[in-house]
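Residue numbering for the sequence shown follows this note's numbering, starting at 478 and increasing by one per position.
Report on the structure given below.
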Amino acid sequence: MCLPQINETYNAIPLLPPRWSCLLSLLFMATMLFVSPVFAAPASVEIQVVGVKGAMKDNVVAALALPSGIVREGKVYQRWLLRFVDQVPELVETALQPFGYYHSDIKVELKEQGDSYLVNVEIKTAAPIRVRSLDLWLVGAGVEEKELQKEKRLFPQQSGDVLHHKTYEDAKEALRQKAIDLGYLKATYKKSRVTVHIEDRVADIEMTLDTGPLYKFGPVTIEGGLDRFDEDFLRRFLSFKKGDTFSHKELHRTRLNFYQSSRFKEVAMEPLLNQVEDLAVPIHVTLVTGKQQHWRTGIGYGTNTGARVSLNYENTQVSELPHVYNFDVLASEKAQSLETRYTIPLSGHVENKLIGKLGYIHEDLSTYETEIYYTEMEVKHGFDNDKIGSAFLRYSLEDSDVGTDDSQSKLLIPGLRFSHRSYDDLINPKKGYQLRYEARGSYDGPLSDITFGQVIGAGSFMWPLGKRLTLHSRAEAATTFYKDDFTELPASLRFFVGGNNSVRGYNYKSRGPEDENGDVIGGDSLLVGSLECEYALTDDWGLAVFYDVGSAFDVSDKDPEFISGAGVGVRRYTMIGPIKIDLATRVSESSNKVTLHLSVGFDI
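As structure tokens, this is what we get:
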């Protein structure tokens, strides 16, 4: 390491009381030629770092933050500045070591520039330290855990990698935290050592993680909420049972279950680690109930709906029963709807419910206009791992106008629904997927005018491609089987493409097969896909580029027509999902038209 080169130029300005006479002032001016300087009074001290960039430069600059005592009351104390300059090489060396750089060539020069000082730091990094060996062992009850073995296999500091201390520390803690998340609450390192051989420019990593024993959930006690709800009802919200492997994720999921019911304003989940018996952790739940009735209003704009206003009413305890009554009204430029729902919780899983619906829908789009009155009964059943299945029976009266087809239909439609989601985080997901399937149909008879069957499948997926880059994909497919003429199907059972969650660059449900007059009448089948790459600029904002493709077609078509759109967008991340503002253009057509698409929330 080279010693710092320091050039000093300064003037002596001793301190004297302001009330001295002119004689003393003259004496002061004479003696200042012989008095050693204590401080000078330039306006500032600037530190300039060259030779490194990015995170390394940021770390060096942070390490060289000027101590507050050097500049006081607009004056620079040279004695402290010189002492600081002497320390700069050591500070820089320490700041570079986390990135694997040891014994770098560091030159420091102090310059006076008018009323300012410049501390110039020139860095020439030596060859980085590389990992020579990684000796990572798992011991304890969790040695065979597949997820721990995967984390071990993917440990980011492998042989040949540049030693990066933060990467090592983060990965080390992530491995321990993974063990804790899997129920090994006493996981700790028996050994974790990084030995740096500076002369050979190599480092050896030795780690031994002792997982300790596997803990289980013990008994659960509930405090609060019992004055309004039966304890058996409250236990429906628990996502675990006694004897299950202990998991902080399940505690978090349970907390969300309580909050999402709109019945509680405070929920605390406390593992009683000081009362563990036979590796079973007791859990104490503390609840504070909230308001029984909720009114919500909204105003906004969506590309699919236009300007809109909404009103929602919810009563979470009807006649002192834990039944839920909802009333929703939506009024927008393109659609209006009204729905009332009554939900009866069923025993067992929190998603076990009986739901009755009564509603009205009116849509007036460029391709069709329809008016629907409906009623529906649905029985939902929750399974483990965020899987929900349901059976429903729907009766509807629909009056629709599509192209030259003007039809009135009554339909009794039984069907099945199934959904499954899996994300690494329930609030701010970075990786995962969700799927949705539905099968429905009706038979021509006293309560139905049409015989048809329909199957629909949709999914959305997200994969992290780095710390801030995420790949999103979306797909949907559907087809219809019908007995007679396609024109007998009402608008709600036909498929169209265009708009948000379809093909951006086109208006909502504006494309599909056409009749002989050139009017879009929709198809009996659907295929839609999308790829989107999203980059998070900050925790709150992001940018995206996307490509959508899709087709609504008749299954008899030998060559269905696909349309595609592409564009860019801005993302504003919120607790309810991202607010998306997209600009899209049509790729499959020679058009310079750019459309604006606005949406809120996650896909599907």
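The C-beta atom is built at its ideal place from N, Cα and C for all residues, glycine as well.
Every value quoted in this text rests on a predicted model; they were computed, and no experiment measured them.
Where do the N-terminal and C-terminal ends of the beta strand (DSSP E) with L611 fall, by residue? Residues R607 to V616.
Which word fits G943, buried or exposed, when buried means at least 16 other C-beta atoms lie within 10 angstroms of its C-beta? When all chains shown are included, G943 counts as exposed.
CA-CA distance, S1068 and A1061? Distance between the alpha carbons of S1068 and A1061 is about 11 Å.
Segment limits, alpha helix (DSSP H) that includes K623: The continuous alpha helix (DSSP H) containing K623 extends over residues K623 to R630.
Between G922 and D883, what straight-line distance do the alpha-carbon atoms span, to the nearest angstrom? The C-alpha of G922 lies about 21 Å from the C-alpha of D883.
Cβ of L691 within 9 Å of Cβ of Y661? In this structure, Y661 lies closer than 9 Å to L691 by Cβ.
What first and last residue would you give for the beta strand (DSSP E) that runs through N803? Secondary structure note for N803: its beta strand (DSSP E) is the uninterrupted segment V801 to S809.
Under the three-state reduction of DSSP, which class applies to Y594: helix, strand or coil? It is a strand residue.
N781 beta carbon near the ligand SAH (any heavy atom closer than 8 Å): Here there are no bound small molecules, and the ligand SAH is not part of this structure.
In three-state DSSP terms, what is N536? Here N536 sits in helix by DSSP.
Apply the 10 Å Cβ neighbour rule to Y578 and answer buried if 16 or more other Cβ atoms are within range, or exposed otherwise. Around the beta carbon of Y578, a 10 Å sphere encloses 16 or more other beta carbons of the protein chains shown; the residue is thus reported as buried.
Using DSSP bridges, identify the partner residues of N789. DSSP lists R773 and D805 as partners of N789.
Starting from A572, follow its DSSP beta bridges and name the residues at the other end. In the DSSP output, where bridge partners are listed per residue, A572 has none listed.
Which residues in the same chain as L903 place their Cβ atom closer than 7 Å to its Cβ, once the five residues preceding and following it in sequence are excluded? Counting only Cβ-Cβ distances below 7 Å, and skipping sequence neighbours, we find H729, R730 and L733.
So, R913 versus G934, is the Cβ gap smaller than 9 Å? R913 is a Cβ neighbour of G934, given a cutoff of 9 Å.
Compare the beta carbon distance of F1030 and L1003 with 9 Å and say whether it is the shorter of the two. Yes, they are a contact pair.
Tell me which residues share the same chain as T1099 and place their Cβ nearer than 6 Å to its Cβ, disregarding the 5 neighbours each side in the sequence. Any answer about residue 1099 is impossible in this case: the structure gives the chain only from 478 up to 1081.
Less than 9 Å between the beta carbons of T685 and K668, yes or no? Taking 9 Å as the Cβ cut-off, T685 and K668 qualify as a contacting pair.
Going by DSSP, which residues form a beta bridge with K552? R549.
Counting Cβ pairs closer than 8 Å, one from the region 668-681 and one from the region 592-610, do we hit at least three? These segments touch.
6 Å CB neighbourhood of N789 in its chain, flanking five on each side removed: Around N789: R773 and D805.
Where do the N-terminal and C-terminal ends of the alpha helix (DSSP H) with A651 fall, by residue? Run containing A651: H642 to D658, per the alpha helix (DSSP H) assignment.
Pick helix, strand or coil for K726, following the three-state DSSP scheme. When secondary structure is reduced to three states using DSSP, K726 falls in the helix class.
Look at V1022 and G1044 and say whether their C-beta atoms are less than 9 Å apart. For the pair V1022 and G1044, the CB atoms are nearer than the 9 Å cut-off.
Let me make sure I understand the geometry here. Which of I583, D612 and D563 has the alpha-carbon closest to that of E570? Of the candidates I583, D612 and D563, the residue whose Cα lies closest to the Cα of E570 is I583.
Closest residue to K1057 among E621, E1038 and A1013 (Cα-Cα distance): Ranking the options by Cα distance to K1057, first place goes to A1013.
Starting from the C-beta of E1127, find all residues in its chain whose C-beta is less than 8 Å away, skip the five residues before and the five after it, and write them out in chain order. Nothing can be reported for residue 1127: it is not among the residues displayed for the chain, which extend from 478 to 1081.
Who are P748's beta bridge partners in DSSP? Bridge partners of P748: I760.
How would you call V1071, buried or exposed, if buried means at least 16 neighbouring beta carbons within 10 angstroms? Counting Cβ neighbours within 10 Å, V1071 comes out exposed, since fewer than 16 surround it.
Can you tell me where the beta strand (DSSP E) with F938 in it begins and where it stops? F929 to P941 is the extent of the beta strand (DSSP E) around F938.
Cβ separation of I821 and L831, assumed to be a contact under 8 Å, to the nearest whole Å: About 4 Å separates the Cβ atoms of I821 and L831, confirming a contact at the 8 Å cut-off.
Thinking V758 and M746 are a contact (beta carbons under 8 Å), I'd like their distance in whole angstroms, please. Not a contact, Cβ separation roughly 11 Å.
Environment of T1051 [buried if 16+ CB atoms lie within 10 Å]: Exposed, since its Cβ has fewer than 16 Cβ neighbours within 10 Å.
So what's R732 in DSSP terms, helix, strand or just coil? Secondary structure at R732: helix, using DSSP grouped into helix, strand and coil.
Counting beta carbon pairs with one atom in the region 815-829 and one in the region 784-802, are three or more of them shorter than 8 Å? Yes: the two stretches touch, three or more of their Cβ pairs being nearer than 8 Å.
Going by alpha carbons, who is nearest to G546 out of Y910, A868, R560 and D535? When each option's Cα is compared against that of G546, the closest is R560.
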